[in-house]
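Reading through the structure tokens given below for one structure.
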Amino acid sequence: MSLKRSACIAGAFEHPTRKAPDKSVAQLHAEVMNGALADAGLSKGDVDGYFCAGDAPGLGALSMLDYLGLKVRHVDSTETGGSSYLVHVAHAAAAIAAGRCDVALITLAGRPRSEGSSGTQPRNYGASAPDAAFEQPYGPATVNMYAMCAMRHMHEFGTTGEQLAWIKVAASHHAQHNPNAMLPEVVSVQEVLDSPVIADPLHRLDCCVVSDGGGALVVTRPEIARDLKRPVVNVLGTGEAVKGQAGGKVDLTYSATAWSGKAAFAEAGVKPADIQYVSIYDSFTITVLIQLEDLGFCAKGAGGRFVADGNLIAGSGRLPFNTDGGGLCNNHPGNRGGMTKVIEAVRQLRGEAHPAVQVRNCGLALANGTGGHLASRHGCATLILERA
Amino acid sequence: MSNAENKPFFDAAREGKLLIGRCQACNEVHYYPRAVCPFCASDRTEWVAAKGRGRIYSYSVMRRVPKPFAIAYVTLDEGVTMLTNLVDCDFERVSIGDPVRVVFKPAENGDPMPMFTPA
Numbered sequence: 000m001s002l003k004r005s006a007c008i009a010g011a012f013e014h015p016t017r018k019a020p021d022k023s024v025a026q027l028h029a030e031v032m033n034g035a036l037a038d039a040g041l042s043k044g045d046v047d048g049y050f051c052a053g054d055a056p057g058l059g060a061l062s063m064l065d066y067l068g069l070k071v072r073h074v075d076s077t078e079t080g081g082s083s084y085l086v087h088v089a090h091a092a093a094a095i096a097a098g099r100c101d102v103a104l105i106t107l108a109g110r111p112r113s114e115g116s117s118g119t120q121p122r123n124y125g126a127s128a129p130d131a132a133f134e135q136p137y138g139p140a141t142v143n144m145y146a147m148c149a150m151r152h153m154h155e156f157g158t159t160g161e162q163l164a165w166i167k168v169a170a171s172h173h174a175q176h177n178p179n180a181m182l183p184e185v186v187s188v189q190e191v192l193d194s195p196v197i198a199d200p201l202h203r204l205d206c207c208v209v210s211d212g213g214g215a216l217v218v219t220r221p222e223i224a225r226d227l228k229r230p231v232v233n234v235l236g237t238g239e240a241v242k243g244q245a246g247g248k249v250d251l252t253y254s255a256t257a258w259s260g261k262a263a264f265a266e267a268g269v270k271p272a273d274i275q276y277v278s279i280y281d282s283f284t285i286t287v288l289i290q291l292e293d294l295g296f297c298a299k300g301a302g303g304r305f306v307a308d309g310n311l312i313a314g315s316g317r318l319p320f321n322t323d324g325g326g327l328c329n330n331h332p333g334n335r336g337g338m339t340k341v342i343e344a345v346r347q348l349r350g351e352a353h354p355a356v357q358v359r360n361c362g363l364a365l366a367n368g369t370g371g372h373l374a375s376r377h378g379c380a381t382l383i384l385e386r387a
Numbered sequence: 000m001s002n003a004e005n006k007p008f009f010d011a012a013r014e015g016k017l018l019i020g021r022c023q024a025c026n027e028v029h030y031y032p033r034a035v036c037p038f039c040a041s042d043r044t045e046w047v048a049a050k051g052r053g054r055i056y057s058y059s060v061m062r063r064v065p066k067p068f069a070i071a072y073v074t075l076d077e078g079v080t081m082l083t084n085l086v087d088c089d090f091e092r093v094s095i096g097d098p099v100r101v102v103f104k105p106a107e108n109g110d111p112m113p114m115f116t117p118a
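Set out below in structure tokens:
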């Protein structure tokens, strides 16, 4: 069953907070719910489908549904790390197409900044994970695992630190227009290269920020979306995929986006050259480069040349990306960047991005997410969205 | 973190041996080792000792911690690539593709784990 145009994103809300020491995570979920419903022009009683990921407080969606006071007939707490929220949009579209719900709410919230989380700390997904005993003793954190992808990419394709730095430079050009961005100063390639190395070859400015916050989306059927007062954003193509170590046949040069992107483009019936704006999960600069290659915006190995010289900067570059400043400069709520990727794509399609970074007549956008560790086990999801 | 399924690996590490998985049904070796083959799903898997030689597939030195360390993927001569640490070497002088050999060093929890040093 194709999901093409079977559902619309009718509401999108990004929490303005970047540090919330005096709020609970559940409270942030409630605030983003209210924000997205108000944006859509719907009320809590309209919601009959609910989606959150495995990091939401409590057991799956049970605690959140009770806390939020929602009564739904469809529930989904699929967990693929930071890409979960793109998967949720696709699953919501499928549920709507199957008649399982009419108005789906997706929420994310987290307080890693207040809780002192950092990408240099080991990430442990539980001692019962089958890989844990073989890997945790070696100190895999977030940053050094992504760094190994960068090392391999540089080795195989000659990608340089300067090319990676251009990704951060482009994000910073966009963040200067975002009053909520954590890092609104424009930086140069040299400033990225001069920032301290955290894990070779990644510098501090190759890494995303750690922020509190959250976001929410409302997905609904086209008939309902057309009756609301907001511009209609259609879900045109979707894809999800998970990639691991393949029993020891490790290949760090590509991500599961190679599969999720292919599925989304096939469903949408469009090609990379048709896309006017991209939101690409930017946990690290290398994450962006690998996804752009895997999506087919350039050949495998050519990503370094593709992103260089300001090619991702709105207004002057060939492919404007992350016009809110992305995870590199704006925010990274809950250490999960997929939600904000969808939200900025919706803003672009509605014509509601900041005027300095708004893509003219933006009719077709792509959002891509990654989750987990690119170097070991990760989930990728691709959404292609159009303005109706 | 070890359990009934993977205990032989850690027992062998204590004796200075690196074990990997092999499937008697499809003849593929795999890592990390498991009871059911990740390729053909057969339960006719066995433990085999690796020679302990390989090459660095990728690595990264974590700098912003009290004691910098190198995480790495090493591709063993047997064909599987495993997560590990590079030890007993000058991190500034290692490169992807360098030959390495296994040594057993205590991990954070004190148990010996297979790590690699330039061959």
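For the record, the sequence lines run as chains Y and D.
Counting from 0, one number per residue, gives the positions in the first sequence under numbering that gives the first Met the number 0.
Counting from 0, one number per residue, gives the positions in the second sequence under numbering that gives the first Met the number 0.
Here a beta-carbon is modelled for each residue, glycine too, at the ideal position from N, C-alpha and C.
Predicted, not measured: the structure shown is a model, and the values here were computed from it.
- DSSP places residue 148 of chain Y in the uninterrupted alpha helix (DSSP H) bounded by 141 to 156.
- The contact set of residue 107 of chain D on chain Y, defined by CB atoms closer than 8 Å, consists of 136 and 138 in chain order.
- At least one CB of chain Y lies nearer than 8 Å to the CB of residue 37 of chain D.
- The region 231 to 240 of chain Y makes no contact with the region 304 to 321 of chain Y; the number of CB pairs closer than 8 Å stays below 3.
- One finds 244, 247, 248 and 249 in chain Y with Cβ atoms closer than 8 Å to the Cβ of residue 80 of chain D, taken in chain order.
- Comparing C-alpha distances from residue 380 of chain Y to each of Y:341, Y:205 and Y:305 shows the shortest one belongs to Y:341.
- Shortest Cα-Cα distance from residue 84 of chain Y to any of Y:69, Y:54 and Y:68 involves Y:54.
- Here the C-alpha atom of residue 162 of chain Y lies approximately 45 Å from the C-alpha atom of residue 100 of chain Y.
- In this structure, DSSP gives residue 168 of chain Y a helical state, which the three-state scheme calls helix.
- Take the alpha-carbon of residue 3 of chain D and the one of residue 292 of chain Y: they are about 42 Å apart.
- Of the residues Y:65, Y:98 and Y:48, the one whose Cα lies closest to the Cα of residue 75 of chain Y is Y:48.
- Assignment of beta-bridge partners to residue 242 of chain Y by DSSP yields Y:377.
- DSSP places residue 49 of chain Y inside the beta strand (DSSP E), whose first and last residues are 48 to 50.
- DSSP places residue 72 of chain D outside any alpha helix (DSSP H); the residue lies instead in the beta strand (DSSP E), whose first and last residues are 68 to 75.
- Residue state for residue 218 of chain Y is assigned as strand, using DSSP reduced to three classes.
- Within the region 260 to 340 of chain Y, complete beta strand (DSSP E) segments of at least 3 residues are found at 276 to 279, given in chain order.
- Judged by their CB atoms, residue 277 of chain Y and residue 365 of chain Y are nearer to each other than the 8 Å cut-off.
- If you check the CB distance, residue 227 of chain Y and residue 88 of chain Y do not come in under 8 Å.
- Under the three-state reduction of DSSP output, residue 115 of chain D falls in the strand class.
- Taken in chain order, the unbroken stretches of beta strand (DSSP E) that lie wholly in the region 24 to 73 of chain Y and span 3 residues or more are 48 to 50.
- Annotation for residue 54 of chain D: the continuous beta strand (DSSP E) segment containing it runs 52 to 61.
- The C-beta of residue 118 of chain D has fewer than 16 other C-beta atoms within 10 Å across all chains shown, which makes the residue exposed.
- Taking a contact as a CB-CB distance under 8 Å, the pair residue 30 of chain D and residue 150 of chain Y does not count as one, their CB atoms being some 20 Å apart.
- In summary, residue 46 of chain D is exposed, with fewer than 16 beta-carbon neighbours lying within 10 Å of its beta-carbon over all protein chains present.
- Given a length threshold of 3 residues, each whole run of the beta strand (DSSP E) inside the region 13 to 39 of chain D is given here in chain order: 18 to 22.
- Residue 143 of chain Y is positioned such that its CB atom lies no closer than 8 Å to that of residue 95 of chain D.
- Using a CB distance cut-off of 8 Å, residue 103 of chain D does not count as an interface residue toward chain Y.
- Put simply, of Y:171, Y:6 and Y:59 the residue whose alpha carbon is nearest the alpha carbon of residue 91 of chain Y is Y:6.
- Taking CB atoms only, residue 116 of chain D has no neighbour in chain Y less than 8 Å away.
- By the rule that beta-carbons nearer than 8 Å mark a contact, residue 199 of chain Y touches chain D.
- Counting of Cβ neighbours within 10 angstroms places residue 352 of chain Y among the buried residues, the total reaching 16 or more.
- Among the CB atoms of chain D, one or more fall inside 8 Å of the CB of residue 154 of chain Y.
- The beta carbons of residue 83 of chain D and residue 56 of chain D sit no closer together than 8 Å.
- In this structure, the straight-line span from the alpha carbon of residue 221 of chain Y to that of residue 95 of chain Y is close to 10 Å.
- The C-alpha of residue 52 of chain Y lies about 43 Å from the C-alpha of residue 92 of chain D.
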